[in-house]
Amino acid sequence: MSTFTTPEPITASLTTAGARVRIVASERQDTVVRVAPVNSANSTDVKVAEKTKVDFSGGVLAVKTTKSGDKSGSVAITIELPAGSRLVLNTAWTEVLAAGQFGDCELNLASGHVRLDRIGELRGNLGAGGVDIGHVAGAADVEGSTAGLRIGEVEGVVRYQGSSGKVWIGRARTDVDLGSAGGSFDIDHAEGSVSVKAANCPIRIGRLTRGQAELMNASGGIEVGISEGTAALVDAKSTKGLVRSSVATQDDPEVKVYARTRRDDIVIHRVAA
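The opening residue of the sequence shown carries number 4 in my numbering; numbering runs sequentially from there.
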């Protein structure tokens with residue numbers, strides 16, 4: 004076990020391959036790091052744990068597995084640190100569970116799964132696996148491949164560009180800009196403008212309350228719900244599919260929807276406010 008005096012939030016930088024990581028942020032004056040083999044009877048796990056480096060200097064905690072572990076995880080790393088600490092995660096074959104309030108997060112995920120409770124801003128480059136975040140207080144800027152991304156609530160602007168990952172956002176407080184060749188885009192509640200340009204990718208906005216939605220794909224369908232009582236202007240066309248809209252155009256629209264698809268249907272409907 005390593006213990007460092009940290010009266011202020013720090014930066015925790017992790018570079019791991021084949022690890023199981025748990026990070027807990029709370030009101031505390033120190034940082035504690037524990038490293039152990041997942042299976043103490045497994046020689047590979049023991050070597051990975053022994054060769055894991057832990058350093059602290061200038062407010063930066065650096066944890067690195069210098070020997071790659073098994074894809075199911077060879078080393079267990081537990082970190083307890085001050086709330087508001089910044090995270091820099093460079094992971095492969097790694098499971099990360101981070102509980103508490105963190106500062107900004109830089110995430111480079113080659114593979115594995117990451118679950119973050121509450122963070123400031125997010126910058127990510129996602130390969131394979133999945134990322135699940137409860138709350139993002141700032142902006143989110145993400146490049147993605149096949150990894151899935153789930154965000155419960157985000158207060159800042161969201162920008163995502165990927166290839167085939169599935170993206171879900173529970174509540175977007177401001178503007179969202181999404182692009183992908185495949186996968187899917189699903190926003191339960193959008194409170195700002197939404198721009199989506201995709202190829203074979205279903206697009207769904209459960210509730211749009213204000214702003215403009217510009218939604219375009221080749222296939223997969225488009226669905227938009229507009230709050231009852233919200234004046235709207237809808238311009239929707241499908242080359243080979245159907246357009247079904249129960250929303251009449253009104254003067255002085257609070258919401259504008261521009262939707263275009265080639266192969267599938269577009270559905271625009273009212274939802275309870």
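Idealized CB from N, CA, C, for every residue including glycine.
None of these values were measured; they are calculated from a predicted model.
Handout entry: 8 angstroms contact criterion, which valine 134 and valine 117 should meet: CB distance rounded
Key = On the sequence shown, residue 134 is found 131 positions in, with the first residue counted as 1. On the sequence shown, residue 117 is found 114 positions in, with the first residue counted as 1. About 5 angstroms separates the two Cβ atoms, so the contact holds.
Handout entry: Opposing strand residues paired with glycine 127 [DSSP bridges]
Key = Along the sequence shown, one-based indexing puts residue 127 at 124. For glycine 127, which the question treats as bridged, DSSP gives the partners Leu110, Val145.
Problem - Cβ pair count under 8 angstroms reaching 3, the stretch 46 to 57 against the stretch 119 to 133 - result: no
Handout entry: Own chain residues within Cβ distance below 6 angstroms of glycine 127, not counting five before or after
Key = Numbered from its first residue, the sequence shown carries residue 127 at position 124. Excluding its 5 nearest sequence neighbours in each direction, glycine 127 has C-beta neighbours in its own chain below 6 angstroms: Leu110, Val145, listed in chain order.
Exercise for the section: Please classify threonine 6: is it buried, with 16 or more other beta-carbons within 10 angstroms of its beta-carbon, or exposed? Expected result: Mapped onto the sequence shown, residue 6 falls at position 3. Under this definition threonine 6 is an exposed residue.
Exercise for the section: With valine 49 as the anchor, note down where its alpha helix (DSSP H) starts and where it stops. Expected result: Translated into positions along the sequence shown, residue 49 becomes position 46. Its alpha helix (DSSP H) spans residues 46 to 53.
Exercise for the section: Measuring alpha carbon to alpha carbon, tell me which of Ser230, Thr149, Pro12, Glu217 ends up nearest glycine 209. Expected result: Indexing the sequence shown from 1 puts residue 209 at position 206. Comparing Cα-Cα distances from glycine 209 to each of Ser230, Thr149, Pro12, Glu217, the minimum goes to Ser230.
Exercise for the section: Check alanine 234 in the structure and name its three-state DSSP category. Expected result: Reading the sequence shown from its first residue, position 231 is the one you call residue 234. Of the three classes helix, strand and coil, the one that applies to alanine 234 here is coil, per DSSP.
Problem - Buried or exposed by the 16-neighbour rule on C-beta atoms within 10 Å, applied to serine 249 - result: If you number the sequence shown from 1, residue 249 lands on position 246. It is exposed - the Cβ of serine 249 has fewer than 16 other Cβ atoms within 10 Å.
Handout entry: For asparagine 203, three-class secondary structure by DSSP
Key = Within the sequence shown, numbered from 1, the residue matching residue 203 stands at position 200. In this structure, asparagine 203 counts as strand in the three-state DSSP scheme.
Handout entry: Spatial neighbours of aspartate 238 in its chain, beta-carbon cut-off 6 angstroms, leaving aside the 5 residues before and after
Key = Here residue 238 refers to the residue found at position 235 when the sequence shown is read from its first residue. For aspartate 238, where only same-chain residues beyond five positions count, the Cβ hits under 6 angstroms are Tyr261.
Handout entry: Alpha-carbon spacing of valine 197 relative to glutamate 156, whole angstroms
Key = Your numbering for residue 197 matches position 194 in the sequence shown. Your numbering for residue 156 matches position 153 in the sequence shown. When rounded, the distance between both Cα atoms is 15 angstroms.
Practice task
Classify alanine 276 as buried or exposed, calling it buried when 16 or more other Cβ atoms lie within 10 Å of its own Cβ.
Solution key: Here residue 276 refers to the residue found at position 273 of the sequence shown. Classification of alanine 276: exposed, given that the 10 Å Cβ count is below 16.
Exercise for the section: Compute the beta-carbon to beta-carbon distance between serine 187 and lysine 169, rounded to the nearest angstrom, for a pair I have assumed lies under 8 angstroms. Expected result: Along the sequence shown, one-based indexing puts residue 187 at 184. Along the sequence shown, one-based indexing puts residue 169 at 166. About 5 angstroms separates the beta carbons of serine 187 and lysine 169, which is inside the 8 angstroms limit, making them a contact pair.
Exercise for the section: Provide the residue span of the beta strand (DSSP E) that contains threonine 14, from first to last. Expected result: Numbered from its first residue, the sequence shown carries residue 14 at position 11. From DSSP, the beta strand (DSSP E) with threonine 14 extends over 14 to 29.
Handout entry: Coil, strand or helix - aspartate 58 by DSSP
Key = Position 55 of the sequence shown holds residue 58. If DSSP states are grouped into helix, strand and coil, aspartate 58 belongs with the strands.
Practice task
Compare the Cα-Cα distances from leucine 84 to each of Gly106, Thr69, Gly76 and report the closest residue.
Solution key: The residue labelled residue 84 in the question sits at position 81 within the sequence shown. Checking every option, the nearest Cα to that of leucine 84 belongs to Gly106.
Practice task
Please report how far the alpha carbon of tyrosine 163 lies from the alpha carbon of leucine 181, in whole angstroms.
Solution key: Counted from its first residue, the sequence shown places residue 163 at position 160. Counted from its first residue, the sequence shown places residue 181 at position 178. Roughly 5 angstroms between the two C-alpha positions.
Handout entry: Contact set for alanine 79: own chain, Cβ-Cβ below 6 angstroms, skip 5 residues either direction
Key = By one-based count along the sequence shown, residue 79 stands at place 76. So the list reads Arg23, Ala39, Val41, once near-sequence residues are dropped.
Exercise for the section: Assign glutamine 32 to one of three DSSP states: helix, strand, or coil. Expected result: Translated into positions along the sequence shown, residue 32 becomes position 29. DSSP places glutamine 32 in coil when its eight states are reduced to three.
Handout entry: Nearest-angstrom Cα separation, counted from leucine 112 out to asparagine 93
Key = The residue labelled residue 93 in the question sits at position 90 within the sequence shown. The residue labelled residue 112 in the question sits at position 109 within the sequence shown. Distance between the alpha carbons of asparagine 93 and leucine 112 is about 6 angstroms.
Exercise for the section: Please classify asparagine 93: does DSSP put it in a helix, a strand, or coil? Expected result: Position 90 of the sequence shown, counting from 1, holds the residue named residue 93. Three-state DSSP puts asparagine 93 in a strand.
Handout entry: Cβ shell of threonine 264 (< 6 angstroms), same chain only, five flanking positions each side left out
Key = Here residue 264 is taken as the residue at index 261 of the sequence shown, counted from 1. Asn220, Ile225, Ser241.
Handout entry: Coarse secondary structure for proline 301, derived from DSSP in three states
Key = For residue 301 there is no data in the structure shown, the boundaries of the chain being 4 and 276.
Practice task
Would you kindly work out how many angstroms separate the C-alpha atoms of glutamate 11 and lysine 54, rounded to a whole number?
Solution key: Counting from one through the sequence shown, the residue named residue 11 turns up at place 8. Counting from one through the sequence shown, the residue named residue 54 turns up at place 51. So the two alpha carbons sit approximately 28 angstroms from each other.
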